[in-house]
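**Student:**
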Amino acid sequence: MSCAPTSLLLLTASQLGQLLVSTRKRHKLTQAAIATHVGLSQNRISYLESHADEISVKQLLSWCSALELELYLGERDTSTASSSAEW
Numbered sequence: 001m002s003c004a005p006t007s008l009l010l011l012t013a014s015q016l017g018q019l020l021v022s023t024r025k026r027h028k029l030t031q032a033a034i035a036t037h038v039g040l041s042q043n044r045i046s047y048l049e050s051h052a053d054e055i056s057v058k059q060l061l062s063w064c065s066a067l068e069l070e071l072y073l074g075e076r077d078t079s080t081a082s083s084s085a086e087w
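Residue 71 in UniProt numbering sits at position 71 of the sequence shown; the count goes up by one each step and never skips.
#1: Decide yes or no for the touch test of the stretch 38-53 against the stretch 68-78: beta carbon pairs closer than 8 Å, at least 3 of them.
#2: Can you tell me the Cα-Cα spacing of L10 and A52, whole angstroms?
#3: What residues in its chain sit with their C-beta under 7 Å from that of A13, if we drop five residues either side in the sequence?
#4: L19 to S62, Cα distance in whole Å?
#5: At which residue ranges does the stretch 17-55 contain complete alpha helix (DSSP H) runs of 4 or more residues, listed in the order of the chain?
#6: Look at T23 and L69 and say whether their C-beta atoms are less than 9 Å apart.
#7: So does T30 have its beta carbon nearer than 8 Å to some heavy atom of the ligand MN?
#8: Closer than 8 Å by C-beta to L29: which residues in its own chain qualify, once you throw out the five before and the five after it? Chain order, please.
Rendered as structure tokens:
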């Protein structure tokens, strides 16, 4: 059963951590399996899922690869009103 790809707008490190955890669980992967792919210990993966602001870019890209996620960066759409609190 295949799901249609979805994109999420992440504005905080906490949201990133939640996405990494939920995607890992959806793929039925353990923290140990992610740790092997990223090159870290299971304890470090556990910590980083709660402290995503400490994930390096290299680690994030490896993590995304393990979870079959793609990382997109783009300019924010400023045509709609946005709160400065988002940043």
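Positions of the beta carbon are idealized from the N, C-alpha and C atoms, including for glycine.
**Tutor:** In short:
#1: no
#2: Counted from its first residue, the sequence shown places residue 10 at position 10. Counted from its first residue, the sequence shown places residue 52 at position 52. Rounded to the nearest angstrom, the two C-alpha atoms are 12 Å apart.
#3: Within the sequence shown, the letter at position 13 stands for residue 13. Once the five neighbours on either side are set aside, the close Cβ partners of A13 are A52 and D53.
#4: Here residue 19 is taken as the residue at index 19 of the sequence shown, counted from 1. Here residue 62 is taken as the residue at index 62 of the sequence shown, counted from 1. Cα-Cα distance, rounded: 15 Å.
#5: 31-38 and 42-50
#6: In the sequence shown, the residue the question calls residue 23 occupies position 23. In the sequence shown, the residue the question calls residue 69 occupies position 69. Contact flag set, yes.
#7: As for the ligand MN, it is missing from this structure, which has no ligand bound.
#8: Locating residue 29 in the sequence shown gives position 29, counting from the first residue. A66 and L67, listed in sequence order.
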